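Each residue of the sequence shown is one higher than the one before, counting from 315 in our numbering. From the three backbone atoms N, C-alpha and C, an ideal C-beta is built for every residue, glycine too. On a predicted model such as this, the values are computed, not experimentally measured, just so you know. Structure, as structure tokens:
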Amino acid sequence: MAPSTSGKPRSRLSTAERREQLLRIGARLFAERPYDDVWIEQVADIAEVSRGLLYHYFPTKRDFVTEVIRAEGERLLKMTESDRTLPVEEQLTAGLDAYLRYVEANEDGYRALHSGTSIAVDGVREVLDNNFAEQGRRILDVLCPDSEPPETLRVLVRGWLAFVVAVCLDWLKYRRLTRDQTRDLCAKALLDIVDLPT
Numbered sequence: 315m316a317p318s319t320s321g322k323p324r325s326r327l328s329t330a331e332r333r334e335q336l337l338r339i340g341a342r343l344f345a346e347r348p349y350d351d352v353w354i355e356q357v358a359d360i361a362e363v364s365r366g367l368l369y370h371y372f373p374t375k376r377d378f379v380t381e382v383i384r385a386e387g388e389r390l391l392k393m394t395e396s397d398r399t400l401p402v403e404e405q406l407t408a409g410l411d412a413y414l415r416y417v418e419a420n421e422d423g424y425r426a427l428h429s430g431t432s433i434a435v436d437g438v439r440e441v442l443d444n445n446f447a448e449q450g451r452r453i454l455d456v457l458c459p460d461s462e463p464p465e466t467l468r469v470l471v472r473g474w475l476a477f478v479v480a481v482c483l484d485w486l487k488y489r490r491l492t493r494d495q496t497r498d499l500c501a502k503a504l505l506d507i508v509d510l511p512t
């Protein structure tokens, strides 16, 4: 096994493990810095791989950041699948608990999802919008399981999701609220403005 640039033996990872490693490094860097301040060379150096190998996985920097955002969005959606057998309010609480577990376990990924990078790079915004739309669809399916939701409710849920993002980013930065307080604040905000079915 060839030594890495740090002098330690370089670990051999499977293709899936290497890709996941690179995406995690990207999430950390894009959470901390604007898109233009992240260099492919930095990612390769941290992962202790060649730039050529990184470009094998992600042909361009734009492809790389798009896949970072897509992977984090998919991870979030997977972790927040709701149990449709629960009453609506319990689904909301359980969903928010799952959401906050994701936020806590994937701080870099969450910040990368909602950083300026997500807005500034063509193609990345579409990935984030699709993720946001899926979150909204899931909530609307719970609120209106047997009917088409009115447009006012769609707008309200989209606004509430933006509120949740702002609250979670504040929670990550300052930690002034507990996770339960953060969950209850977000749940109350929705319950106060939506007439939930019983």
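- At the C-beta level, Ala385 and Leu337 come within 9 Å of one another.
- Rounded to whole angstroms, the separation of the alpha carbons of Arg415 and Pro459 is 26 Å.
- Between Glu448 and the set Gln495, Arg389, Arg347, the nearest pair of CA atoms involves Arg389.
- Val402 and Leu457 have their C-alpha atoms some 7 Å from each other.
- If you look at Leu491, you'll find it isn't in any alpha helix (DSSP H); DSSP assigns it neither H nor E.
- Cβ neighbours of Arg376 within its own chain (closer than 7 Å, five residues either side excluded): Val435, Gly437.
- Here DSSP, grouped into helix, strand and coil, assigns His370 to helix.
- Assignment of Leu400 by DSSP, reduced to helix, strand and coil, places it in the coil class.
- In chain order, Arg497, Cys500, Ala501 place their CB closer than 7 Å to the CB of Leu410, counting only its own chain and leaving out the 5 sequence neighbours on each side.
- Taken through DSSP and simplified to helix, strand or coil, Cys482 comes out as helix.
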